[in-house]
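K.L.:
Following my numbering, the residues of the sequence shown are numbered contiguously, the last one being 578.
Ideal Cβ positions, reconstructed from N, Cα and C, are used throughout, including at glycine.
This structure is a prediction, so every number in the text was calculated from the model and none was measured.
Structure incoming, see below.
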Amino acid sequence: MTAAPTGPAFSLHDIPFSTRGSWFDISPVLAENTYAEDLHLVSHQNGMHPVLRFVPVDATSGERVATRITATPGLLTWTHDSGRVDLAYESRDTVRLRGEGTSLRVTAVARTLTPFTGTYFFRDPAVGAYVFTSYETGRRYRITVLSGAVTDASGSQDLGSADRGVTLGADAGGTWEAAIEELDTARRAYTARTAFGEVVTAAEHAFTAFADAVAPWRSSRAPAAGLAAYVLWSATVDPAGLVTRPAVLMSKHWMDKVWSWDHCFNALALAPADPALARDQFALPFDHQDESGALPDSVTHSEVLRNFVKPPIHGWTLGHLRRRLPEPLDHAELTEIYDRLRRWTDFWLTARRAPGTALPHYQHGNDSGWDNATTFDPERVVVTADLAAFLTLQLHELAALATELGLAADAHEWRRSAERTQAAMLDELWAGERFVARGADSGDTWGSSSLLDLMPIALGEHLPENVAKTLAARIEAHLTPYGLATELPTSPHYRADGYWRGPIWAPATVLVEDGLRRAGHHRLADEISTRFRALCETHGFAENFDALTGTGLRDRAYTWTAAAYLLLAEAHELRQTP
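Shown next, in the form of structure tokens:
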């Protein structure tokens, strides 16, 4: 039926099948930690919603059949002893199906239809297609038979509770084809302009072109580079709703948002290959900057959350981003970025500094990105050294931008502010052998066994040598065979699946590795890179990982993890080049 598929194979239990630009995927993952027996069409418009269920059935009896499911970037296949069903994306909103010897039952997931919830189903006589309309997504899903027939239909125009759907099939030994479109209200009747095999080939070529651009350096030394590229490519959506630009979601599983620090790592990984998409990733949260200068906590199709923020790593990111972009940013872009970064920095220097204090504070662990790190156990409204370090780097970047834009007075003031912030961090929070946190209200100080307390290593070359050396030694104590544990494994607070209380995370890995390298601690940086890359090559691109076993945890298709792998693998490859 089709040529042998190309590209990295992957498990749909871990990574959803999708394409660049699409707001839906094909996956058994229906919600957080919820896995179904069957594959579903899962939309991420208006939230994460499983809309349609796919069930392979015997072409003669109509009974469910057991199948083996395989997936590569261009083709998803259900294989049965007597036949197969293939699925491929023709475009961001249309998938094509082809079956031989096996039929496919496509049904609405929601059995109950109310005036405000569920899925209504009917045959549209205007175009001769079957249509599912979903209250949850606000979209329609239209099935058009291209060859073969609808061998069974049920629930058309039914209200209340009913089984709604169609069975796609053909006469014994024949083949059938169909298309499923996600659409708003109406469009012309679907007409196939491309043969199924050509659809598959086009999808494979689109992904291969992306992978070749993102990781042209990939070799046997980076065996997961192709799959990392697929995770980024397939999680990209077109602008829609509140998503103002093409966006790489953190996942097309349940973490289907753009958080206001996660996006930074995706921007960096994409910069050399797709500079426009990289700039969009960096800019997207700034499109929702509020009047105080704060960035939102997260953005997705129909929701912008502002109850928390995320740490100001954007100056650090911008410096790296500009070095990785193939062409320099023009004056207009620099001016816009400068204004946005200035306002974001002013937020921390005003709204997040108590009167008469030099250092800003977090209002909750969520603001730091390290939601439940043990640093926040004694109190939640806390002055921390990581925040001071990130802000110092951001102030340095603002000084550089101001200089480039000819704003000499601004540049001078940003440099002075950076120096004051770092000096206050060392004077108030450095306790000789460690950084401590301080309650913004109480004034009490404490240390913890969290890697968060060591994140000032991100200052790199700006740190006094003795401080960098002490931090490096403490960081090495967090290094397990798989990478950097976010809580010391010997700590009584360590939890194997404790979110930021033990597991290995990609952003901490990248920030620490970069800071160590800039501070001259190359051996340790190399070891951290090596172990994290090996972790991804063995256990995939999970949201985080068990620090003592390497097992992937939580969402298994996380884009900042894939981006971190690509960044570290690329840098490693370049270091091997004479």
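In chain order, which beta strand (DSSP E) runs of at least 3 residues are fully inside the stretch 403 to 466?
P.N.:
Listed in chain order, they are 437 to 439.
K.L.:
Starting from F265, trace the alpha helix (DSSP H) in both directions and tell me its first and last residue.
P.N.:
As a working mapping, residue 265 is identified with position 265 in the sequence shown. First-last of the alpha helix (DSSP H) with F265: D262 to L270.
K.L.:
Could you work out which residue in H288, T72, G226 and V309 is closest to Y362 when comparing CA atoms only?
P.N.:
As a first step, residue 362 must be located in the sequence shown, where it is residue number 362. Closest option to Y362, Cα to Cα, is V309.
K.L.:
Quick one, are the C-beta atoms of A170 and A153 less than 8 Å apart?
P.N.:
Within the sequence shown, residue 170 is the residue found at index 170, counting from 1. Within the sequence shown, residue 153 is the residue found at index 153, counting from 1. No, Cβ-Cβ distance for A170 and A153 is not below 8 Å.
K.L.:
Would you decide whether P296 is buried or exposed? Buried here means 16 or more other CB atoms lie within 10 Å of its CB.
P.N.:
Along the sequence shown, one-based indexing puts residue 296 at 296. That one is buried.
K.L.:
When the distance is taken between beta carbons, is A267 closer than 8 Å to L321?
P.N.:
Position 321 of the sequence shown holds residue 321. Position 267 of the sequence shown holds residue 267. The answer is yes: Cβ separation under 8 Å.
K.L.:
Can you tell me which of V131, E136 and Y135 puts its alpha carbon nearest to the alpha carbon of P142?
P.N.:
Along the sequence shown, read from residue 1 onward, the residue named residue 142 stands at position 142. Checking the sequence shown, residue 142 turns out to be Arg, not Pro. Checked all of V131, E136 and Y135; the closest Cα to R142 is V131.
K.L.:
I need the DSSP call for R84, collapsed to helix, strand or coil.
P.N.:
Here residue 84 refers to the residue found at position 84 of the sequence shown. Three-state result, R84: strand.
K.L.:
How far does the alpha helix (DSSP H) with P507 in it reach, from first residue to last?
P.N.:
Here residue 507 corresponds to residue number 507 of the sequence shown, with the count starting at 1. Run containing P507: A506 to R518, per the alpha helix (DSSP H) assignment.
K.L.:
According to DSSP, is Y565 helix, strand or coil?
P.N.:
Within the sequence shown, residue 565 is the residue found at index 565, counting from 1. Y565 falls in the helix class under three-state DSSP.
K.L.:
Closest by CA to S292, which one among F282, A247, L305 and T345?
P.N.:
What you label residue 292 is simply residue 292 of the sequence shown in a count that begins at 1. Answer by Cα proximity: T345.
K.L.:
Assuming the contact rule is C-beta atoms closer than 8 Å, A59 and A172 should be a hit. Round their C-beta distance to whole Å, please.
P.N.:
As a working note, residue 59 is residue 59 in the sequence shown. As a working note, residue 172 is residue 172 in the sequence shown. That belief holds up - the Cβ atoms of A59 and A172 are roughly 6 Å apart, short of 8 Å.
K.L.:
Under three-state DSSP, which class holds Y582?
P.N.:
The question about residue 582 has no answer here: the residues shown for the chain are numbered 1 through 578.
K.L.:
For R105, collect the residues of the same chain with a Cβ closer than 7 Å to its Cβ; drop the 5 residues on either side in sequence, then sort them by chain order.
P.N.:
On the sequence shown, residue 105 is found 105 positions in, with the first residue counted as 1. Around R105: V55, V57, G165 and T167.
K.L.:
Within 10 angstroms of its Cβ, does R20 collect 16 or more other Cβ (buried), or is it exposed?
P.N.:
Taking the sequence shown and counting its residues from 1, one reaches residue 20 at position 20. It counts as buried.
K.L.:
Less than 8 Å between the CB atoms is what I'm expecting for L325 and A271, so what's the real figure, rounded?
P.N.:
One-based indexing of the sequence shown puts residue 325 at position 325. One-based indexing of the sequence shown puts residue 271 at position 271. About 5 Å separates the two Cβ atoms, so the contact holds.
K.L.:
Hey, out of W176, A235, W430 and W254, whose CA is closest to H263's CA?
P.N.:
Position 263 of the sequence shown, counted from the start, is the residue given in the question as residue 263. Ranking W176, A235, W430 and W254 by Cα distance to H263 puts A235 first.
K.L.:
Determine the extent of the alpha helix (DSSP H) in which R523 is found, giving its start and end residues.
P.N.:
The residue you call residue 523 lines up with position 523 of the sequence shown. Run containing R523: H522 to H539, per the alpha helix (DSSP H) assignment.
K.L.:
Indicate the three-state DSSP secondary structure (helix, strand or coil) for M1 in the structure shown.
P.N.:
As a position in the sequence shown, residue 1 is number 1, starting the count at 1. In this predicted model, M1 has a pLDDT of only 42, less than 50, meaning its place in the structure is not dependable; the value taken from the coordinates is given anyway. M1 falls in the coil class under three-state DSSP.
K.L.:
Among the candidates P378, V109, S134 and H205, whose CA atom is the shortest distance from the CA of T185?
P.N.:
Locating residue 185 in the sequence shown gives position 185, where the first residue counts as 1. Nearest option by C-alpha distance: S134.
K.L.:
On the criterion of 16 or more Cβ atoms from any shown chain inside 10 Å, does P115 qualify as buried, or is it exposed?
P.N.:
As a working mapping, residue 115 is identified with position 115 in the sequence shown. Burial call: exposed.
K.L.:
Please classify R111: does DSSP put it in a helix, a strand, or coil?
P.N.:
Counted from its first residue, the sequence shown places residue 111 at position 111. Coil, per DSSP.
K.L.:
So V51 packs on S43, CB below 8 Å; how close in whole Å?
P.N.:
Reading the sequence shown from its first residue, position 51 is the one you call residue 51. Reading the sequence shown from its first residue, position 43 is the one you call residue 43. Their Cβ separation, rounded to whole angstroms, is 5 Å, which keeps V51 and S43 in contact under 8 Å.
K.L.:
What number of angstroms, rounded off, separates the C-alpha of H301 from the C-alpha of D280?
P.N.:
Counting from one through the sequence shown, the residue named residue 301 turns up at place 301. Counting from one through the sequence shown, the residue named residue 280 turns up at place 280. Going from the Cα of H301 to the Cα of D280 covers about 16 Å.
K.L.:
Below 8 Å CB to CB, which residues in the same chain sit around I26 once its five sequence neighbours on both sides are set aside?
P.N.:
Within the sequence shown, the letter at position 26 stands for residue 26. The residues are L12, P16, F17, S18, L39, H40, L41, V42, F54, L76, L87 and V95.
K.L.:
With H, G and I counted as helix, E and B as strand and the rest as coil, what does DSSP make of P50?
P.N.:
Within the sequence shown, numbered from 1, the residue matching residue 50 stands at position 50. Note: P50 maps to strand in three-state DSSP.
K.L.:
Near E433, what residues of its chain come up, given a Cβ to Cβ distance below 7 Å and the 5 sequence neighbours on each side ignored?
P.N.:
As a first step, residue 433 is located in the sequence shown; it is residue number 433 there, counting from the start. Within the same chain, E433 has close Cβ partners T470.
K.L.:
By Cβ distance, which residues of its chain are closer than 7 Å to A399, with the 5 residues on each side in sequence left out?
P.N.:
Mapped onto the sequence shown, residue 399 falls at position 399. Within the same chain, A399 has close Cβ partners A411, W414, R415 and A418.
K.L.:
Beta carbon of L385, beta carbon of L429: below 8 Å?
P.N.:
To locate residue 385, count along the sequence shown from 1; it is residue 385. To locate residue 429, count along the sequence shown from 1; it is residue 429. Reading off the sequence, residue 385 comes out as Ala, not Leu. Yes.
K.L.:
Considering Cα atoms alone, identify which of S103, A423 and V383 is closest to G439.
P.N.:
As a position in the sequence shown, residue 439 is number 439, starting the count at 1. With distances taken between Cα atoms, G439 lies closest to V383.
K.L.:
Alpha carbon to alpha carbon, how far is I504 from S91? Give it in angstroms, no decimals.
P.N.:
Sequence index remark: in the sequence shown, residue 91 carries index 91 (1-based). Sequence index remark: in the sequence shown, residue 504 carries index 504 (1-based). Going from the Cα of S91 to the Cα of I504 covers about 36 Å.
K.L.:
Less than 8 Å between the CB atoms is what I'm expecting for L524 and A472, so what's the real figure, rounded?
P.N.:
Stepping through the sequence shown from its first residue, residue 524 is reached at position 524. Stepping through the sequence shown from its first residue, residue 472 is reached at position 472. Yes, L524 and A472 are in contact; Cβ-Cβ is about 6 Å, under 8 Å.
K.L.:
Which residue's Cα is closest to the Cα of T530: Y565, H478 and F122?
P.N.:
The residue labelled residue 530 in the question sits at position 530 within the sequence shown. Nearest C-alpha to T530: Y565.
K.L.:
Nearest CA to the CA of Y499: which residue from P328, P578, G552 and A108?
P.N.:
Along the sequence shown, one-based indexing puts residue 499 at 499. For the residues P328, P578, G552 and A108, the minimum Cα distance to Y499 belongs to G552.
K.L.:
Given this structure, state the Cα-to-Cα distance separating M1 from L277, to the nearest angstrom.
P.N.:
Residue mapping note: residue 1 aligns to position 1 of the sequence shown, counting from 1. Residue mapping note: residue 277 aligns to position 277 of the sequence shown, counting from 1. With a pLDDT of 42 at M1, under the threshold of 50, the modelled position of that residue is not reliable, and the figure given next carries that caveat. Near 35 Å, if we compare the C-alpha coordinates of L277 and M1.
K.L.:
Tell me the residue span of the beta strand (DSSP E) that contains L349.
P.N.:
Looking up residue 349 in the sequence shown gives position 349. Per DSSP, L349 belongs to no beta strand (DSSP E); it is in the alpha helix (DSSP H), H331 to T350.
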